[in-house]
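Quick note on numbering: UniProt numbering labels position 122 of the sequence shown as 122, and the sequence is numbered without any gaps. Let me begin by presenting the structure, written as structure tokens, before commenting on it.
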Amino acid sequence: MNKVRASAAEAVADIGEGASLAVGGFGLSGVPDVLIRALHAQGAGGLKVVSNNCGVDGRGLGVLLAAGRIARVTGSYVGENKEFARQYLAGELEVELVPQGTLAERLRAGGAGIPAFYTPAGVGTQVAAGGLPWRYADGGGSVAVASPPKETRNFAGRPHILEHGITTDFALVRAWHGDRHGNLRFRRAAANFNPLAAMAGRVTVAEVEELLEPGELAPDEVHLPGVFVQRVVALDAAEAADKRIERLTISASSTRGTVRT
1 MNKVRASAAE AVADIGEGAS LAVGGFGLSG VPDVLIRALH AQGAGGLKVV SNNCGVDGRG
61 LGVLLAAGRI ARVTGSYVGE NKEFARQYLA GELEVELVPQ GTLAERLRAG GAGIPAFYTP
121 AGVGTQVAAG GLPWRYADGG GSVAVASPPK ETRNFAGRPH ILEHGITTDF ALVRAWHGDR
181 HGNLRFRRAA ANFNPLAAMA GRVTVAEVEE LLEPGELAPD EVHLPGVFVQ RVVALDAAEA
241 ADKRIERLTI SASSTRGTVR T
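Written out as structure tokens, the structure reads:
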């Protein structure tokens, strides 16, 4: 039952070439940076990543992306990562863009053993009809791989499209507290895609800011039970405190030092 690994390097050592990964985080909040850096050092490439976004230049999944280690991304946002946009438009990266709520439910469904579900999200758009560019042929804008049309069915007179649950070979997540049995507790905004990504992975690795002994987390403090977690890595104080702000905005009354994130 002791799922603690001695290091992040040990925890990700068997992630192989072409593996699929569900990765927690939203922007830079709750991103398993230590595990990502360990995977970068390990050297696996051709990775198929499922994550809300792909980090930013030089941080989060952006580290693997810049090294050419990611072959495909399933996510809902490109946004803040210029290298992500460049690789996608140049035809170097396959990208499946998914409505954010649908992505969350596809991960949850996969983890719950639900193969597919119907949703009204995307009806009347290319999400349903197909034709979204998953991969460009080159920098000229021609499409090499496009999304297929989705099955549509009416419920209560309203059209819905069929979406498939997502499972992956591995999942990398970050938690505030975790015990040796793999029970996890997330703090504030880090409880974003982390629980869902953890559910979707066949082998889930969690980096935790504070390692607890079994029983220290009360049952109602457990946000994700240890049945979904196979490996736990305890962060040191510096790693736990290393939390970047994606976009820093200073208020007009800057003399008072107010910072909003």
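Each residue gets a CB set at the ideal place from its N, CA and C atoms; glycine is no exception.
| Asked | Found |
| --- | --- |
| Residue environment, His164, which counts as buried when at least 16 other CB atoms sit within 10 Å | exposed |
| The region 171 to 178 in contact with the region 12 to 26 per 3-pair CB rule at 8 Å | yes |
| Close beta carbons around Arg231, own chain, < 6 Å, minus the five adjacent residues each side | Lys3, Arg5, Ala11 and Val205 |
| Beta-carbon proximity of Ser20 to Val56, cut-off 9 Å | no |
| Proximity to Gly130 [Cα-Cα], best of Val143, Leu61, Asp236 and Arg106 | Val143 |
| Buried versus exposed, by CB contacts within 10 Å (16 or more), Asp236 | exposed |
| Ile15 to Ala252 span [Cα, whole Å] | 47 Å |
| Buried versus exposed, by CB contacts within 10 Å (16 or more), Thr125 | exposed |
| Alpha-carbon spacing of Arg185 relative to Pro149, whole angstroms | 39 Å |
| Cβ neighbours of Ala234 in the same chain (closer than 7 Å, five flanking residues each side left out) | Val4, Val208 and Leu211 |
| Sub-9 Å separation of Arg180 and Glu213 beta-carbons | yes |
| Spatially closest choice to Asn192 from Leu248, Val34, Gly58 and Asn52, by CA coordinates | Asn52 |
| 3-residue-minimum beta strand (DSSP E) runs that sit fully inside the region 105 to 160, ordered along the chain | 116 to 119, 133 to 136, 143 to 146 and 152 to 155 |
| Cβ pair Ile161, Ala109 closer than 9 Å | no |
| Option nearest Ala218 by Cα separation, candidates Arg106, His177 and Leu196 | His177 |
| Same chain only: Cβ atoms within 6 Å of Gln87, ignoring 5 sequence neighbours per side | Leu93 |
| Local conformation of Val259 per DSSP, three classes | The pLDDT assigned to Val259 is 46, lower than 50, so where the model puts this residue is not dependable; a value taken from the coordinates is nonetheless given after this. Strand, per DSSP. |
| Among Ala44, Ala71, Glu239 and Arg158, the one whose alpha carbon lies nearest that of Pro120 | Arg158 |
| Cβ pair Ala116, Thr152 closer than 9 Å | no |
| Backbone CA spacing between Asp220 and Asn183 [nearest angstrom] | 11 Å |
| Sequence-distant residues of its chain with Cβ nearer than 8 Å to Glu83 (five each side left out) | Asp57, Gly62, Leu65 and Ala66 |
| Beta-carbon proximity check, Arg72 vs Gly45, cutoff 9 Å | no |
| Buried versus exposed call for Ser7 [16 or more other C-beta atoms within 10 Å across all chains shown] | exposed |
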